[in-house]
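Structure first, then comments.
Residue numbers (our numbering): 1052 to 1799.
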């Protein structure tokens, strides 16, 4: 959520404050010290860059605006809201940080000091670092475990920066060590861009380095200077096939094309390979030949939910039955929303593709059912995600060292080169701002959908969703193809979501269970969940898989009596979730600190409280309707004796019961379905060639992975949860497109 706050104080009011003895006592600027005008500067906050705009007359600060698009709503955003007024009132940055938002507060004050230095015609003060070894930590991609950082100061300069063992993914930490850290040391400055593909880890390192330097005596403003202008010559390349994006689909496409004998160049805007695929669990694979051939002891048969011996030669699933089931799911009101020929290609080729990708460095477990599903097609990575980045690293080395491929990292594709209606290459921007021109006979778009673009999500999905994935996936490939007349397919369908969490994560309490309490309160199967209008929409046992159906927000409702039970006895069942949980909330554990947690969550906009259901609906606002909320509470209560209308089992109602309609107060906790990616994208045929609205191909252009995955689904429903569909399509579509692009380049 973008946060941009401004504070203006007329000169007359300032003078009145001074006459009253208020606001000017801590002034840091002497009279007549500014050149009138508006000055801008930036510093790093918790989520990214915080930029301020300061307006001054000859004597005073008259207005201050703070803008931080990536600061956490309810936490960092509070610094942007509160500090501008305090700074204008104090006429300087000697004001207290906003509680719980130290990084964002420091960013606002540092950027303000930089802007005021410009207004005075001064250069930022020198760092004046004391030699020694310093340590600090900050939260990065993992919001549940901070990343420790050590800084050595030698000769008054930053000499070394070392990353400790946090919970960042190995590739993110490694790429930051190899790219960001040398840039900070070389420039003796934190005014360096975060590394695309490891933005959160970059921000954590910069925050921790800043903390270390402050301990060493630095003025924070001294660590931010003007960014050096990019100095690099434009470069030109020529190849057979250029692949845009090196996630799962791009990696498969690059390997496939190179194996077919094509000269391949791959580009990725990130400083590493793997994309979202590097943090996924595994692909779908229907009857992989290696798995069919093998005898699998203790194989969990999803049809019986019992372990058994799978004999050598026995299929793991009925492929034709799966196809029939899939196409039934994507048929709505008698109309088929998917492209059946591509669904069939995926089902028939996914198993063989699993064995192919295994030969290139990946390793998988035998296929099994996914979250209770009956189709044994989900093949998790060996190591259950712990080794996924290692597998991608092996495949990358095969592409570059054995197959002669070339990969240009930190290189962002911007425009397709077109001649005579045919795509003949790519324009891109290199790591130092240089123009990169790549002439090619085919281009494969593999840029990961548009889950990292709030603007595109609002345009095509109607709203912005919380993302657990790679924020660099901003729809670049889709946008480039649409600009050349490409057609979209199911681009407005719901994004891919398998879990829920609060819109922001609390980390301020010492006890992890306290931090996880809002998490538990929205994912608990013992709560009443309603949509944004107040209507109940699911059996709360299935909230993680079904919340996306009602959009990007839902709420769980509690009355005072239920809060009292939680305070004294806790939940009857453990309540937690994946990825963003700090350990979850245990069953039968008294939640003695619940009132303080709810108060803090209320400050962050996660919790709403009122003395009546009418008041609660008003406090939530938006589309929430008091009549629907009250009806949902009443129906939920009636289900206690008559049977729950959504089939919730009685044991999930036993501890908390239903909210009391006549309670002293009510609480609503906001929840969000987190998405891995968008699903809809470009229209393609069975060889992954991008099509125009008239159904004709755009010669030389292919799209794979989540840039074209909408062809598997219907716009009326969400992602098909058979298990690993997106990753399976990434590998299959990439393999198909790579071979087809190589064939085109070779004139076959």
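Positions of the beta carbon are idealized from the N, C-alpha and C atoms, including for glycine. All figures in this text were calculated on a predicted structure; none of them were measured in a lab.
Would you tell me roughly how many angstroms separate the C-alpha atoms of residue i and residue j, rounded to the nearest one?
{"i": "residue 1140", "j": "residue 1239", "result": "33 Å"}
{"i": "residue 1527", "j": "residue 1648", "result": "40 Å"}
{"i": "residue 1413", "j": "residue 1751", "result": "29 Å"}
{"i": "residue 1290", "j": "residue 1598", "result": "45 Å"}
{"i": "residue 1326", "j": "residue 1693", "result": "49 Å"}
{"i": "residue 1583", "j": "residue 1557", "result": "22 Å"}
{"i": "residue 1790", "j": "residue 1676", "result": "54 Å"}
{"i": "residue 1180", "j": "residue 1267", "result": "5 Å"}
{"i": "residue 1679", "j": "residue 1697", "result": "17 Å"}
{"i": "residue 1521", "j": "residue 1135", "result": "32 Å"}
{"i": "residue 1217", "j": "residue 1437", "result": "14 Å"}
{"i": "residue 1581", "j": "residue 1654", "result": "22 Å"}
{"i": "residue 1512", "j": "residue 1729", "result": "9 Å"}
{"i": "residue 1431", "j": "residue 1779", "result": "11 Å"}
{"i": "residue 1149", "j": "residue 1668", "result": "29 Å"}
{"i": "residue 1559", "j": "residue 1186", "result": "20 Å"}
{"i": "residue 1230", "j": "residue 1224", "result": "10 Å"}
{"i": "residue 1483", "j": "residue 1319", "result": "14 Å"}
{"i": "residue 1288", "j": "residue 1381", "result": "43 Å"}
{"i": "residue 1066", "j": "residue 1212", "result": "Note on residue 1066: pLDDT 33, under 50, position unreliable in the model; no value is reported."}
{"i": "residue 1075", "j": "residue 1142", "result": "Because the pLDDT at residue 1075 is just 32, under 50, the model does not fix this residue reliably, and the value given afterwards should be weighed accordingly. So the alpha carbons of these two residues sit roughly 6 Å apart."}
{"i": "residue 1738", "j": "residue 1785", "result": "10 Å"}
{"i": "residue 1345", "j": "residue 1409", "result": "15 Å"}
{"i": "residue 1710", "j": "residue 1608", "result": "7 Å"}
{"i": "residue 1787", "j": "residue 1664", "result": "55 Å"}
{"i": "residue 1386", "j": "residue 1379", "result": "10 Å"}
Whose C-beta lies closer than 8 Å to the C-beta of residue i among residues of the same chain, with five residues either side of it excluded?
{"i": "residue 1481", "result": "1283, 1286, 1459, 1461, 1462 and 1487"}
{"i": "residue 1635", "result": "1564, 1567, 1570, 1571, 1625, 1626, 1627 and 1628"}
{"i": "residue 1514", "result": "1508, 1602 and 1603"}
{"i": "residue 1651", "result": "1151, 1557, 1559 and 1560"}
Does the separation of the CB atoms of residue i and residue j fall below 7 Å?
{"i": "residue 1214", "j": "residue 1241", "result": "no"}
{"i": "residue 1342", "j": "residue 1417", "result": "yes"}
{"i": "residue 1800", "j": "residue 1321", "result": "This structure cannot speak to residue 1800, because the chain is shown only from 1052 to 1799."}
{"i": "residue 1575", "j": "residue 1622", "result": "yes"}
{"i": "residue 1370", "j": "residue 1393", "result": "no"}
{"i": "residue 1764", "j": "residue 1541", "result": "yes"}
{"i": "residue 1361", "j": "residue 1350", "result": "yes"}
{"i": "residue 1339", "j": "residue 1244", "result": "no"}
{"i": "residue 1188", "j": "residue 1219", "result": "no"}
{"i": "residue 1472", "j": "residue 1490", "result": "no"}
{"i": "residue 1754", "j": "residue 1533", "result": "no"}
{"i": "residue 1761", "j": "residue 1499", "result": "no"}
{"i": "residue 1293", "j": "residue 1796", "result": "no"}
{"i": "residue 1733", "j": "residue 1759", "result": "yes"}
{"i": "residue 1373", "j": "residue 1395", "result": "no"}
Tell me which same chain residues have a C-beta within less than 7 Å of the C-beta of residue i, skipping the five on either side of it?
{"i": "residue 1744", "result": "1538"}
{"i": "residue 1164", "result": "1144 and 1272"}
{"i": "residue 1456", "result": "1305, 1309, 1315, 1317 and 1450"}
{"i": "residue 1100", "result": "1093"}
{"i": "residue 1222", "result": "1323, 1325, 1329 and 1440"}
{"i": "residue 1714", "result": "1610, 1611 and 1612"}
Would you please state the rounded distance, in angstroms, between the beta carbons of residue i and residue j? I believe it to be under 8 Å.
{"i": "residue 1725", "j": "residue 1518", "result": "7 Å"}
{"i": "residue 1097", "j": "residue 1122", "result": "6 Å"}
{"i": "residue 1334", "j": "residue 1424", "result": "Their Cβ separation, rounded to whole angstroms, is 15 Å, which puts residue 1334 and residue 1424 out of contact at 8 Å."}
{"i": "residue 1104", "j": "residue 1130", "result": "Actually they do not touch by this definition, with Cβ atoms about 16 Å apart."}
{"i": "residue 1783", "j": "residue 1400", "result": "5 Å"}
{"i": "residue 1102", "j": "residue 1162", "result": "6 Å"}
{"i": "residue 1618", "j": "residue 1641", "result": "7 Å"}
{"i": "residue 1337", "j": "residue 1402", "result": "5 Å"}
{"i": "residue 1606", "j": "residue 1721", "result": "6 Å"}
{"i": "residue 1731", "j": "residue 1543", "result": "6 Å"}
{"i": "residue 1781", "j": "residue 1756", "result": "4 Å"}
{"i": "residue 1775", "j": "residue 1600", "result": "21 Å between Cβ atoms; not a contact."}
By Cβ distance, which residues of its chain are closer than 6 Å to residue i, with the 5 residues on each side in sequence left out?
{"i": "residue 1703", "result": "1576 and 1577"}
{"i": "residue 1712", "result": "1684"}
{"i": "residue 1035", "result": "Coverage of the chain is limited to positions 1052 through 1799, which leaves residue 1035 absent and any answer about it impossible."}
Counting contacts by CB-CB distance shorter than 7 Å, is residue i in contact with chain C?
{"i": "residue 1576", "result": "Chain labels in this structure do not include chain C; a single protein chain is all it has."}
Length-filtered (4 minimum) alpha helix (DSSP H) runs lying within the stretch 1503–1558: List check, alpha helix (DSSP H) in window: 1505–1512 and 1527–1534.
Completely contained alpha helix (DSSP H) runs for the stretch 1100–1147, where each covers 4 or more residues: Qualifying alpha helix (DSSP H) stretches, in chain order: 1127–1141.
Ordered list of alpha helix (DSSP H) runs contained in the stretch 1381–1420, each at least 4 residues: 1391–1409, all fully within the stretch 1381–1420.
Unbroken stretches of the alpha helix (DSSP H), 4 residues or longer, contained in the stretch 1643–1673: DSSP runs (the alpha helix (DSSP H)) wholly in the stretch 1643–1673: 1645–1654 and 1664–1671.
Start-end ranges of the beta strand (DSSP E) lying completely within the stretch 1743–1786, minimum 3 residues: Within the stretch 1743–1786, the complete beta strand (DSSP E) runs of at least 3 residues fall at 1748–1754.
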